[in-house]
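Here's the structure, in structure tokens; my notes come after.
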Amino acid sequence: MAEVKAGDTVHIHYTGTLLDGTTFDSSEGREPLEFVVGSGQIIPGLDVALPGMTEGEKKTVKIGCTDAYGEANPEMRQAVPREGIPADIPLEVGMQLQMQTPDGQAMPVTVVEMDEATVTLDANHPLAGKDLQFDIELVKVAAA
């Protein structure tokens with residue numbers, strides 16, 4: 026059976042958990058995730074774990090935050106005046122909002138703190154700064 030190499034298209038089932046066991050994503054109940062190995066379509070730590078695997082093989086991979094979604098960047102947190110957010114948007118900590126960058130790009134942010142005067146928004150990926158674990162099963166390989 027052929028081993029996965031960079032450039033191959035693979036289909037995997039996966040469950041992603043934090044190191045405390047909390048599941049943050051899974052392909053359970055869905056079609057397997059399809060992507061080209063080494064193309065940058067998935068986080069780097071998972072991409073480098075696949076070469077050498079064969080169809081049907083399962084493995085557990087621990088990935089440090091630097092090979093996942095990166096370290097949390099404190100500069101990506103910003104306190105904004107509460108009146109700068111439309112009054113019809115009910116705010117609560119943990120809520121996700123869409124902001125617009127100066128060049129018009131949509132950017133997801135999370136409300137992380139709020140008081141009477143300000144709302145602190147965090148534009149880091151929700152998994153930034155976290156070490157992850159993936160249980161993966163290689164379902165199918167299509168050689169490049």
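Under my numbering, the first residue of the sequence shown is numbered 26, with each subsequent residue one higher. All C-beta atoms, glycine included, are put in the ideal place defined by N, C-alpha and C.
Kindly indicate if chain B contains any beta-carbon less than 8 Å away from that of residue i.
i     : result
Pro99 : Protein chains in the displayed structure number just one, and chain B is not present.
Looking at the secondary structure, which residues open and close the alpha helix (DSSP H) in which residue i lies?
i      : result
Pro115 : Careful: Pro115 lies outside any alpha helix (DSSP H) and carries neither H nor E.
Leu71  : Pro69 to Asp72
Provide the residue(s) that pair with residue i in DSSP beta bridges, ordered along the chain.
i     : result
Glu59 : His36
Ser51 : Thr40
Indicate whether residue i and residue j have their beta-carbon atoms separated by less than 8 Å.
i      : j      : result
Val136 : Val118 : yes
Gly70  : Asp92  : yes
Asp33  : Val166 : yes
Ile161 : Tyr39  : yes
Glu175 : Ala153 : The structure shown does not extend to residue 175, since the chain is modelled only from 26 to 169, so the question has no answer here.
Leu116 : Met132 : no
Thr85  : Glu28  : no
Thr145 : Arg102 : yes
From the DSSP output, in three-state form, read off residue i for me.
i      : result
Leu44  : coil
Leu157 : strand
Leu163 : strand
At what residues does the beta strand (DSSP E) containing residue i begin and finish?
i     : result
Thr85 : Lys83 to Ile88
Problem set entry | beta strand (DSSP E) runs wholly inside the segment 90-153, at least 3 long, in chain order | 102-106, 121-125, 131-139 and 143-147
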